[in-house]
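Protein chains in written order, with the working numbering: chain A, 12 to 259; chain B, 12 to 259.
All C-beta atoms in this analysis are idealised placements derived from N, C-alpha and C, irrespective of residue type, glycine included.
Protein chains: 2
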Amino acid sequence: MAASAKKASSSKKTAAPSKTTANLAIDRVSEPVEDYLKAIYDLAGKSGTASTNDVAARLNVAAASVTGMIRRLASQGLLEYERYRGVRLSETGRVVALRTIRRHRVIETYLTEVLGYPWDRVHDEAERLEHAASDELVDRMATSLGNPTSDPHGAPIPTADGQMDERRHQTLAELDIGTRARMVRVSDKNPGLLRYLAEIDLTPGTEVQVLARAPFDGPITLQVGDTEPVVGQGLAVQVLVEEVQDET
Amino acid sequence: MAASAKKASSSKKTAAPSKTTANLAIDRVSEPVEDYLKAIYDLAGKSGTASTNDVAARLNVAAASVTGMIRRLASQGLLEYERYRGVRLSETGRVVALRTIRRHRVIETYLTEVLGYPWDRVHDEAERLEHAASDELVDRMATSLGNPTSDPHGAPIPTADGQMDERRHQTLAELDIGTRARMVRVSDKNPGLLRYLAEIDLTPGTEVQVLARAPFDGPITLQVGDTEPVVGQGLAVQVLVEEVQDET
DNA sequence: TCACATTTTTAGCGGAGGCTAAAAATAAAG
DNA sequence: CTTTATTTTTAGCCTCCGCTAAAAATGTGA
Numbered sequence: 012m013a014a015s016a017k018k019a020s021s022s023k024k025t026a027a028p029s030k031t032t033a034n035l036a037i038d039r040v041s042e043p044v045e046d047y048l049k050a051i052y053d054l055a056g057k058s059g060t061a062s063t064n065d066v067a068a069r070l071n072v073a074a075a076s077v078t079g080m081i082r083r084l085a086s087q088g089l090l091e092y093e094r095y096r097g098v099r100l101s102e103t104g105r106v107v108a109l110r111t112i113r114r115h116r117v118i119e120t121y122l123t124e125v126l127g128y129p130w131d132r133v134h135d136e137a138e139r140l141e142h143a144a145s146d147e148l149v150d151r152m153a154t155s156l157g158n159p160t161s162d163p164h165g166a167p168i169p170t171a172d173g174q175m176d177e178r179r180h181q182t183l184a185e186l187d188i189g190t191r192a193r194m195v196r197v198s199d200k201n202p203g204l205l206r207y208l209a210e211i212d213l214t215p216g217t218e219v220q221v222l223a224r225a226p227f228d229g230p231i232t233l234q235v236g237d238t239e240p241v242v243g244q245g246l247a248v249q250v251l252v253e254e255v256q257d258e259t
Numbered sequence: 012m013a014a015s016a017k018k019a020s021s022s023k024k025t026a027a028p029s030k031t032t033a034n035l036a037i038d039r040v041s042e043p044v045e046d047y048l049k050a051i052y053d054l055a056g057k058s059g060t061a062s063t064n065d066v067a068a069r070l071n072v073a074a075a076s077v078t079g080m081i082r083r084l085a086s087q088g089l090l091e092y093e094r095y096r097g098v099r100l101s102e103t104g105r106v107v108a109l110r111t112i113r114r115h116r117v118i119e120t121y122l123t124e125v126l127g128y129p130w131d132r133v134h135d136e137a138e139r140l141e142h143a144a145s146d147e148l149v150d151r152m153a154t155s156l157g158n159p160t161s162d163p164h165g166a167p168i169p170t171a172d173g174q175m176d177e178r179r180h181q182t183l184a185e186l187d188i189g190t191r192a193r194m195v196r197v198s199d200k201n202p203g204l205l206r207y208l209a210e211i212d213l214t215p216g217t218e219v220q221v222l223a224r225a226p227f228d229g230p231i232t233l234q235v236g237d238t239e240p241v242v243g244q245g246l247a248v249q250v251l252v253e254e255v256q257d258e259t
């Protein structure tokens, strides 16, 4: 009679907490759920809604699986859903998504800054750790980094209470020839591109100037920082920039 | 026709690798599987085998679930199993278990040393991270810590190639009264005990001397380091020590 | 508006890992 | 050597999260 600790129910723990400000203290959800919410969050973008198909493509699952998961998420109040009408995150869902995104980005930053991970390989590691790391751990990492506001790829890091800088940026492809701009951001999902950008020193914060550019993301001639001009290919629509005021 | 990237098979990737030394490069297994292997590893201890019931108690699952999982693990070659006869890890299973244990302990050490986690709360965090962290990440942490050989609770950290110091130690309860000893290790699973030990400064490396002791883990009087003697309760069988040679 | 294309949903299924209740094997006690 | 207790397994079921194939809804071009 030494071991008899069954009682698997776990339904008595969730009392209704504060509710004062934003409902922080939301039960942690499963890994797939976090992935769905993240995907929906950034597919929805400005319009606010995302389509089944887009979510499926993003997560590399069948559309039917998305429908199934979406029904579950809706029944948990994480999103609003109307058949055939697309999906929109609820406030709760948005908060969960943002916290997941925060974890991801803080972890990426930490791995890069503190543990010397190359910026083209942090994504996969962060993708796994974001589901396992507690908010406390992430906050400790953030603190030890001095609460950075963007990750190594220039993506904004949501604050612990769910605020995020949502500014939209231009791509290099949209930039007027000759304008001076600061490299702001690039997706963390394309290791090849990231290695290439590191090679030509085009990283967030660097000043660039487009000297010439072919349409449809064709060859582009860039002056990166003060170095010799380089000719790049296939990066114009990937790299986000922000014009820089010439102080005359 | 923009999105059509199904092809979910992922079975072409696993060619047979080196096989030279120990079969490192073993496919990563699921979280429950890692937990079972860890549990079996340290329940088996010296005898080499573990019982269904013990595993069930350790993992807080029903015995029937253990039988089910054990069959799966056996069919994957991670352990040897004979109905009603208990279970023994295969070499592969042992390696997987040790790598998981290494991840756990390195992570605990890192959280404590670098991120300031209190030693009574690292266990839970490590328990989750150990399944998500890559061996590369763990090796980077280990390197940045100077490749420690034991974690904050004194547990030995297996090396990256699966060697671990398996020395057995005495408990405080077994120590002759008056003998001077060094505190070596305590379980990481009991936060209350850990807080208490921290309070009386009884941490790995500290010298202790048992001044008096009641049987059956009753009250014990200890001299910890050079401080005033303290009377403790319920820790004698938990705290592992190693006698210290008086250099006369 | 009708016909066809596309998107989304439903129906039905599978595997991993849980569970309980009952049966079977092993171990312990008389 | 039985009888009883304990341990382990089997049987049958459940949930989560995938899948495919087929049906239904929506959208589009003529």
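Since residue i and residue j are thought to touch, with beta carbons under 8 angstroms apart, how far apart are those beta carbons, to the nearest angstrom?
i	j	result
His180(A)	Arg196(A)	6 angstroms
Leu48(B)	Thr111(B)	7 angstroms
Asp131(A)	Pro202(A)	4 angstroms
Ala184(A)	Val248(A)	5 angstroms
Leu126(B)	Arg82(A)	Not quite, the Cβ-Cβ distance comes to about 39 angstroms (not below 8 angstroms), so this is no contact.
Pro159(B)	Thr120(B)	5 angstroms
Leu148(A)	Glu91(B)	Their Cβ separation, rounded to whole angstroms, is 38 angstroms, which puts Leu148(A) and Glu91(B) out of contact at 8 angstroms.
Leu70(B)	Met175(B)	Contact doesn't hold; Cβ gap of about 21 angstroms is too wide.
Quick one: Cα of residue i to Cα of residue j, how far?
i	j	result
Leu122(B)	Val133(B)	7 angstroms
Arg206(B)	Pro129(B)	9 angstroms
Leu246(B)	Ala225(B)	12 angstroms
Asp212(B)	Leu54(B)	29 angstroms
Ile118(B)	Asp38(B)	21 angstroms
Ala33(A)	His164(A)	Because Ala33(A) carries a pLDDT of 48, less than 50, the predicted location of this residue cannot be relied on, and the following value inherits that uncertainty. Cα to Cα, the separation comes out at about 28 angstroms.
Asp172(B)	Pro43(A)	32 angstroms
Ser58(B)	Gly97(B)	11 angstroms
Val235(B)	Leu222(B)	10 angstroms
Asp161(B)	Arg105(B)	For clarity, residue 161(B) is Ser in the given sequence; the question names Asp instead. Cα to Cα, the separation comes out at about 19 angstroms.
Val241(A)	Arg116(A)	30 angstroms
Ser62(B)	Glu124(A)	46 angstroms
Ser145(B)	Asp187(A)	43 angstroms
Met194(A)	Ala166(A)	12 angstroms
Gly88(A)	Gln220(A)	47 angstroms
Ala50(B)	Leu100(A)	40 angstroms
Ala67(B)	Lys200(B)	17 angstroms
Gln244(A)	Val72(B)	55 angstroms
Gln256(A)	Ala143(A)	42 angstroms
Ile168(A)	Glu177(A)	10 angstroms
Glu254(B)	Leu233(B)	15 angstroms
Tyr95(B)	Leu84(B)	16 angstroms
Arg139(A)	Asp65(A)	22 angstroms
Asp237(A)	Arg114(A)	35 angstroms
Ser76(A)	Thr182(B)	54 angstroms
Gly56(B)	Ser198(B)	15 angstroms
Ser86(A)	Thr60(A)	17 angstroms
Grab the span of the alpha helix (DSSP H) containing residue i for me, first residue to last.
i	result
Ile118(B)	Glu102 to Glu124
Ala55(B)	Glu42 to Ala55
Glu265(A)	An answer regarding residue 265(A) cannot be provided, because it is not within the stretch 12 to 259 covered by chain A.
Gly59(B)	Counting along the chain, Gly59(B) falls outside any alpha helix (DSSP H), and DSSP gives it neither H nor E.
Val77(B)	Ala74 to Ser86
Asp38(B)	Segment: none, Asp38(B) is in no alpha helix (DSSP H) and carries neither H nor E.
Ala64(A)	Looking at the sequence provided, one finds Asn at residue 64(A) rather than Ala. Here the alpha helix (DSSP H) through Asn64(A) covers Thr63 to Leu70.
Which residues mark the beginning and the end of the beta strand (DSSP E) in which residue i is found?
i	result
Ile231(B)	Ile231 to Val235
Leu222(B)	Glu218 to Arg224
Met194(A)	Arg191 to Arg196
Glu138(B)	From DSSP, Glu138(B) is part of no beta strand (DSSP E) but of the alpha helix (DSSP H) over Val133 to Ala143.
Leu251(A)	Leu251 to Glu254
Going by the DSSP bridge assignment, what does residue i pair with across the sheet?
i	result
Glu91(A)	Arg99(A)
### Query
Can you list the alpha helix (DSSP H) stretches of 4 or more residues lying completely in the segment 153-217 of chain B, in chain order?
202-210
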